[in-house]
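If you read the protein sequences in the order shown, they are chains A and B.
Per the working numbering: the first sequence ends with 98, consecutive numbering throughout.
Per the working numbering: the second sequence ends with 1198, consecutive numbering throughout.
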Amino acid sequence: MATVQQEILADRPIGCRIAWAQGSAHFVAIGGWSTDPDGTDYVDAYDPAHGLLVQKTYADFVSSYSMPGDSWTHTYFTLRSAGAAGGALPGVISPKSE
Amino acid sequence: MAITKLIGPSNALDVVSHAVTHLMSRGPRALSALGGAAPKASQPVKLFVIGLDNIKDEHFLDSAVNVGWRYLVVNDGPVAVADVKVSPSGAAAFSSLIRGDIAVGLSEAADLASKKYGEYTDKYEPRALDIPALYISALWLHGPRDAFFPFLAGGGISRTVVREDPRFVKNVLLAAETKRHPPRADDVSPPRGRQNQP
């Protein structure tokens, strides 16, 4: 969760590969995070499968995206574009297994 | 009513309310943009998920896993769905809030199902069915004859028009087979109007 917080605070969305427990996989982008007053951590995932925003507990995002056994397998970090007017230029550095 | 009204775990509404209040204060369509009124969670349906590997024959619904409950969150219309899971002790724990077309689709599917099956004498249990690998979400009326009202199919880019799909099982089987064995690029016929020249 600390890495997610660090990247989002630096305006760098994170690409994530989610492997479904029972075959195939899916990609989403984390664009935000929050912690509620009880201390539960959430991530804001932009998920094209649902069209807008999936806000999920961090624990479920890691290991139970749709059902137990789904897993966050790879992370794609992004770079901010030096010349872009406020926009972040996605750039894969390297996939990192969680 | 022939569509059974289900009651979720005893603490689920509190769990959903707590999380929704926190999460909807941020991001697109935040509470402030909705006028600040408190969103409400509707009557829940059981949430089932099926994985691609289990879609091999027409009996694939037998392998659907009940992963929790799904609540429609309304605030002057459907704005999100909230999913909760249930611990072995029976207590509900919040899992996710999904905003977007899924809420409108589930609401329309529930309305249509109620109009069509609400007065039947047979009893139907309303279920939400997600098939993540195929990007399919549907309302599933489980009863003497299962009925399906898909509202997301092939991703959220364009929500499908909600209607009952009597060929749902066959369509899912076909989609699963296509996912496992996508057509090769050289199997695709050239677009109409463009033919190879001799």
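Glycine residues also receive a C-beta, built at the ideal position from the N, C-alpha and C atoms.
Item: Quick check: the Cα distance between A/Thr-78 and B/Ile-1003, rounded to an integer number of angstroms?; Value: 48 Å
Item: Under a Cβ-count criterion, where at least 16 other Cβ atoms within 10 Å of its own Cβ denotes burial, should B/Ser-1096 be classed as buried or exposed?; Value: buried
Item: Count the C-beta pairs between the stretch 1046-1062 of chain B and the stretch 1164-1175 of chain B that are closer than 8 Å, then say yes if the count reaches three, no if not.; Value: yes
Item: Exposed or buried, what is B/Lys-1115 when buried is set at 16 or more other beta-carbons lying within 10 Å of its beta-carbon?; Value: exposed
Item: If distances are taken between C-alpha atoms only, which option among A/Ala-45, A/Arg-80, A/Asp-38 and A/Ser-81 comes closest to A/Trp-72?; Value: A/Ala-45
Item: Using 9 Å as the limit for Cβ to Cβ distance, is A/Val-62 near chain B?; Value: no
Item: Would you mind stating whether B/Val-1074 and B/Pro-1039 have Cβ atoms separated by less than 9 Å?; Value: yes
Item: Taking C-beta pairs closer than 7 Å, name the residues in chain A that B/Leu-1052 reaches, listed in chain order.; Value: Trp-20, Gln-22, Gly-23 and Ser-24
Item: My guess is that B/Gly-1100 and A/His-26 are in contact by the Cβ rule of under 8 Å, so how many angstroms apart are they, rounded?; Value: B/Gly-1100 to A/His-26, Cβ: 15 Å. No contact.
Item: Any Cβ of chain A within less than 9 Å of the Cβ of B/Lys-1046?; Value: no
Item: What would DSSP say about B/Arg-1180, mapped onto helix, strand or coil?; Value: helix
Item: Starting from the beta carbon of A/Ser-66, find every residue of chain B whose beta carbon is closer than 7 Å, and list them in chain order.; Value: Val-1049, Asp-1130 and Pro-1132
Item: Less than 9 Å between CB atoms is the rule here; does A/Leu-9 satisfy it with respect to chain B?; Value: no
Item: Quick check on this structure: which residue in A/Arg-17, A/Gly-15, A/Thr-35 and A/Ser-24 has the alpha carbon closest to the alpha carbon of B/Pro-1182?; Value: A/Ser-24
Item: Could you list the residues in the stretch 26-44 of chain A with a C-beta less than 8 Å from some C-beta on chain B, going in chain order?; Value: His-26, Gly-32, Ser-34, Asp-36, Pro-37, Asp-38, Thr-40, Tyr-42 and Asp-44
Item: Going along the chain, which residues of its own chain have a beta-carbon closer than 8 Å to the beta-carbon of A/Tyr-42, five neighbours each way excluded?; Value: Trp-33, Ser-34, Thr-35, Asp-36, Gln-55, Lys-56, Thr-57 and Tyr-58
Item: Using the DSSP secondary-structure output, state which residues sit across from B/Arg-1069 in a beta bridge.; Value: Residue identity differs from the one stated: residue 1069 of chain B is Trp in this sequence, not Arg. Answer is B/Lys-1046 and B/Val-1084.
Item: Which residues in the same chain as B/Ser-1063 place their Cβ atom closer than 6 Å to its Cβ, once the five residues preceding and following it in sequence are excluded?; Value: Asn-1054
Item: Quick one: is B/Ser-1096 near chain A, going by C-beta distance under 9 Å?; Value: yes
Item: Give the C-beta separation of B/Phe-1149 and B/Leu-1134 to the nearest angstrom, bearing in mind that I take them to be a contact with Cβ-Cβ under 8 Å.; Value: B/Phe-1149 to B/Leu-1134, Cβ: 16 Å. No contact.
Item: Hey, is the stretch 1012-1020 of chain B in contact with the stretch 1068-1086 of chain B, meaning 3+ C-beta pairs nearer than 8 Å?; Value: yes
Item: Step through the CB atoms of chain A and report whether any lies within less than 9 Å of the CB of B/Ile-1102.; Value: yes
Item: Mind listing the chain C neighbours of A/Thr-57? Cutoff is C-beta to C-beta under 9 Å, in chain order.; Value: No chain C appears in this structure, whose protein chains are A and B.
Item: Looking at B/Phe-1168: is its Cβ nearer than 9 Å to the Cβ of B/Glu-1108?; Value: no
Item: Give a yes or no on whether the C-beta atoms belonging to A/Pro-68 and A/Ala-21 are separated by under 9 Å.; Value: yes
Item: Determine, using beta carbons only, whether B/Leu-1112 and B/Val-1081 come nearer to each other than 9 Å.; Value: no
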